[in-house]
Amino acid sequence: MFIPIGDSPNLNKRPYVTLVFIGINVAVFALFTVPLMQQRPDFNDPLLLEYLRALSDRASVGDLLAHLSTYDLFIFEYGFRPAAPSLLTLVTSLFLHGGGAHLAGNMLFLWIFGDNVEGRLGPVGFALLYLGGGIAATCFFWLFVPGSNVPMVGASGAISAVLGCYFIWFPDNRIKVFIFLFPILVRTVEIPARIVLGFYLLIDNLVPFLLTSADGAGVAHGAHIGGFLAGLGLAMVLSRRRME
Numbered sequence: 106m107f108i109p110i111g112d113s114p115n116l117n118k119r120p121y122v123t124l125v126f127i128g129i130n131v132a133v134f135a136l137f138t139v140p141l142m143q144q145r146p147d148f149n150d151p152l153l154l155e156y157l158r159a160l161s162d163r164a165s166v167g168d169l170l171a172h173l174s175t176y177d178l179f180i181f182e183y184g185f186r187p188a189a190p191s192l193l194t195l196v197t198s199l200f201l202h203g204g205g206a207h208l209a210g211n212m213l214f215l216w217i218f219g220d221n222v223e224g225r226l227g228p229v230g231f232a233l234l235y236l237g238g239g240i241a242a243t244c245f246f247w248l249f250v251p252g253s254n255v256p257m258v259g260a261s262g263a264i265s266a267v268l269g270c271y272f273i274w275f276p277d278n279r280i281k282v283f284i285f286l287f288p289i290l291v292r293t294v295e296i297p298a299r300i301v302l303g304f305y306l307l308i309d310n311l312v313p314f315l316l317t318s319a320d321g322a323g324v325a326h327g328a329h330i331g332g333f334l335a336g337l338g339l340a341m342v343l344s345r346r347r348m349e
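FYI, the numbering for the sequence shown is 106 to 349, going by my numbering.
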């Protein structure tokens, strides 16, 4: 297991927008995800019938009902479903997560990489990158599974756009990575940013994307790739303009 836990050097600017986005994601998780996961759905809810109809090709009705929570229906309504797209869910899906580990991993990456990118773009520019990159990532994912009723949620696409910018603008930075290969190796090392982010793009996402169905692995690798490319492209354009 390889986990980034820090980067250096950092710009001497307070990442207010990064902190706001982390706060929003954590608040949504605490106020909606945690309580709704503990609740069973109302079997008279019309949304339940729609949910069962839409996903009955992936599992039997009995299996779907056996582990169903109210949060599953909440995600079905406010996550992004390629078969039933909406402008609302393009945004709301960016602030929903499937569980605590999903949220923690995303917020760790946002905290590590967001401050430098926000320092480069400024608060407004960073907010636009996060939201626009997240929407671009979702649309890229949508291209490959236009008929899917499986809702996509998570900030990963938006954060991948941040990583794409970081790849271009901070190539000489070092990423502190915690390596846990117990009992063979347990230590922290510093690795060049482009190696870490290149590994993230190619090994963590492109290879699984090419080897699995677009929505069958439980991870929206296509969205991660789309977000990273969006951030990469934006950073290249802005860097070129800055040089002119």
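In this text, a Cβ means the ideal position worked out from N, Cα and C, and glycines have one as well.
Classification of residue i by the beta-carbon crowding that lies within 10 angstroms, buried from 16 upward
i    : result
N278 : buried
V255 : buried
G205 : exposed
H172 : exposed
F314 : buried
Backbone CA spacing between residue i and residue j [nearest angstrom]
i    : j    : result
I127 : L215 : 8 Å
F231 : V122 : 7 Å
L192 : L316 : 30 Å
F185 : R145 : 22 Å
V364 : A260 : Since the first residue of the chain shown is 106 and the last is 349, residue 364 is not available in this structure.
R50  : P276 : Summary: the structure shown does not reach residue 50, with the chain confined to residues 106 through 349, and so no result is reported for it.
I280 : T293 : 10 Å
I308 : S174 : 33 Å
I108 : F283 : 5 Å
L234 : L213 : 18 Å
Short Cβ contact (7 Å threshold) for residue i with residue j
i    : j    : result
I273 : M341 : yes
D220 : N115 : yes
G269 : F333 : yes
A328 : A242 : yes
Heavy atom of the ligand MG within 6 Å of residue i beta-carbon
i    : result
L337 : Judged by which ligands are present, the structure shown has none, so any question about the ligand MG falls away.
N- and C-terminal bounds of the alpha helix (DSSP H) containing residue i
i    : result
F249 : 205-249
V312 : 312-316
I296 : No alpha helix (DSSP H) contains I296, which is instead part of the beta strand (DSSP E) from 290-297.
R158 : 151-160
Range of the contiguous beta strand (DSSP E) that encloses residue i
i    : result
D112 : 107-113
* Can at least three beta-carbon pairs, one atom from the region 217-233 and one from the region 147-160, be found at a separation below 8 Å? -> no
* Asked: How do the region 136-151 and the region 169-180 stand: do at least 3 beta-carbon pairs fall below 8 Å, yes or no?
  -> yes
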